[in-house]
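Visitor: Sharing a structure here in structure tokens format.
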Amino acid sequence: MCHNRKILLLGAGGHCLSVIDSLISSNCYTEIGIIDKVEEGYSDKRMIMGVPVVGSDDDLLKLFESGYTDAFITVGSIGDPSLRRKLYQRIKEIGFQIPNIIDKTSVVSACAKLDEGIYVGKNAVINANATIGSCAIINTSTTIEHECHIGEFAHIAPGSILCGNVNIGDNTHIGAGSKVKQGIHIGSDTMIGMGSVVVTNIGCNVVAYGNPCKEVR
Numbered sequence: 003m004c005h006n007r008k009i010l011l012l013g014a015g016g017h018c019l020s021v022i023d024s025l026i027s028s029n030c031y032t033e034i035g036i037i038d039k040v041e042e043g044y045s046d047k048r049m050i051m052g053v054p055v056v057g058s059d060d061d062l063l064k065l066f067e068s069g070y071t072d073a074f075i076t077v078g079s080i081g082d083p084s085l086r087r088k089l090y091q092r093i094k095e096i097g098f099q100i101p102n103i104i105d106k107t108s109v110v111s112a113c114a115k116l117d118e119g120i121y122v123g124k125n126a127v128i129n130a131n132a133t134i135g136s137c138a139i140i141n142t143s144t145t146i147e148h149e150c151h152i153g154e155f156a157h158i159a160p161g162s163i164l165c166g167n168v169n170i171g172d173n174t175h176i177g178a179g180s181k182v183k184q185g186i187h188i189g190s191d192t193m194i195g196m197g198s199v200v201v202t203n204i205g206c207n208v209v210a211y212g213n214p215c216k217e218v219r
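According to the working numbering, the sequence shown holds residues 3 to 219 in order.
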């Protein structure tokens, strides 16, 4: 157990549920709280999977001063991680520790290098000499093979397979069930549609999908 450490989860949507499940099974924090945005239906007395909503974005500094040591971004990402980036900057400025949350069913090579704020979901595999950038999401049952590089704030959606030495740029989304051939480079700020088979390099700031995957805009 991480003795006397308390963590805030920033975002109360679907991705938060997956992270909570991984956290609870890890038994790594003495207390977990959720931060939610203030909008219609907001309540700081709401419970999500037994975890309380303890405040909004406006309360981050107060909660840090009250003893929450760690913070983790649980806002999901499908192609636009700008809110995740904004929250990351905020919690860095306040002084929170930003852990990686790695589900106990995943397999992460001791030779892989992970930055901070990364989520590794159930049954994911990260193989030898892979590097994962800050705040990337390596989702359920993904395979990141040897020597792959995943950029910061990228999202590798459930069931995707990246063969060896694939390079994924910052902020890029790889849709669920996609397959990427070994040695392929996919640029930053790009969206790869679900189920795509990527056999040629894909540029930056484009949308691409299909089998074979092609840039469409």
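Beta carbons are placed, not taken as given, at the ideal position from N, Cα and C, and that holds for glycine.
Nearest to P160 by CA position, among G177, L89, K216, E67, is which residue?
Guide: Of G177, L89, K216, E67, the residue nearest in Cα terms is G177.
Visitor: Cα separation between H151 and N6?
Guide: The straight-line gap from Cα to Cα measures roughly 34 Å.
Visitor: Pick helix, strand or coil for H17, following the three-state DSSP scheme.
Guide: Of the three classes helix, strand and coil, the one that applies to H17 here is helix, per DSSP.
Visitor: Under 7 Å from any heavy atom of the ligand ADP, does the C-beta of A14 make it?
Guide: This structure lacks the ligand ADP, and indeed carries no ligand of any kind.
Visitor: If we count the other Cβ atoms within 10 Å of its Cβ and call it buried at 16 or more, is D105 buried or exposed?
Guide: Label assigned to D105: buried.
Visitor: Would you kindly work out how many angstroms separate the C-alpha atoms of Q184 and N125, rounded to a whole number?
Guide: Going by the C-alpha atoms only, they are around 21 Å apart.
Visitor: Does DSSP put I22 in a helix, a strand or coil?
Guide: DSSP places I22 in helix when its eight states are reduced to three.
Visitor: Going along the chain, which residues of its own chain have a beta-carbon closer than 6 Å to the beta-carbon of G189, five neighbours each way excluded?
Guide: Result list for G189: G171, G205, C206, in chain order.
Visitor: How about the stretch 26-34 and the stretch 58-68: do they share at least three Cβ pairs that are nearer than 8 Å?
Guide: The stretch 26-34 vs the stretch 58-68: no contact.
Visitor: Would you decide whether E42 is buried or exposed? Buried here means 16 or more other CB atoms lie within 10 Å of its CB.
Guide: In this predicted model, E42 has a pLDDT of only 49, less than 50, meaning its place in the structure is not dependable enough to derive any value.
Visitor: Could you tell me the distance, in whole angstroms, from the CA atom of N203 to the CA atom of L164?
Guide: One C-alpha to the other measures close to 13 Å.
Visitor: Would you identify the three-state DSSP class for E95, choosing helix, strand or coil?
Guide: Of the three classes helix, strand and coil, the one that applies to E95 here is helix, per DSSP.
Visitor: Reducing DSSP to helix, strand and coil, say where E33 ends up.
Guide: E33: strand per DSSP, three-state reduction.
Visitor: Helix, strand or coil: how does DSSP classify E217 here?
Guide: Residue state, collapsed to three classes: strand.
Visitor: On the DSSP letters alone, give me the boundaries of the alpha helix (DSSP H) that K64 sits inside.
Guide: Segment 62-67, the alpha helix (DSSP H) holding K64.
Visitor: By Cβ distance, which residues of its chain are closer than 6 Å to V127, with the 5 residues on each side in sequence left out?
Guide: Excluding residues within five positions, the ones whose Cβ falls inside 6 Å are V109, T145.
Visitor: Find the nearest neighbour of L39 within the set L25, I75, D117, judged by alpha-carbon distance.
Guide: The amino acid occupying residue 39 in the given sequence is Lys; Leu does not appear at that position. With distances taken between Cα atoms, K39 lies closest to I75.
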